[in-house]
Each structure stands twice: as C-alpha cells, then as structure tokens.
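In my numbering, the protein residues as written are 19 to 94. Even for Gly, the Cβ is constructed at its ideal location relative to N, Cα and C.
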C-alpha cells in the first residue's frame, strides 16, 4: 500500500503472490492486517488451459515489469 496506493485509493485487498517461501516478506506484507486470510499453494501452469497460456505474460515478464516499476519508484 505504501508504494502503490494513491491518496484517494482504498486499502488494498487481493492476492499476495510469492515465488517462494519467505516468512519475513510475508510477515512484512501482512503487517497491520487483522482480517482472516487463506493460504494456498497454487500451480499456475496446471490450472490454465493451454489455449490461454499464450495470452498471458511469462513469470519472467511479470518480474521484469515489477522490477522496472519499483526501480522507477527508487530513482524518479
């Protein structure tokens, strides 16, 4: 929220996607969150039909876009 939420945006709700298990990152992301949450392991490649996979960005493309966005925030 502190990096992306605008002045008039409501508190963020949604999914927290993790590439791997990192309790420190998850704890930081959930700091101050006092609602019940569900935790699940999800295999994207098994859940999406083959004909839709080509329409979605790869994991690497998503990571690159997020890194670029966060780098702009650090070095405006």
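Please name the residue in the options whose C-alpha comes closest to that of residue i.
i, options, result
"residue 52", "29, 69, 72, 39", "29"
"residue 59", "83, 39, 86", "39"
Please give me, in chain order, every unbroken run of the alpha helix (DSSP H) with length at least 4 that falls completely inside the segment 63-88.
Listed in chain order, the complete alpha helix (DSSP H) runs (minimum 4 residues) inside the segment 63-88 are 68-71.
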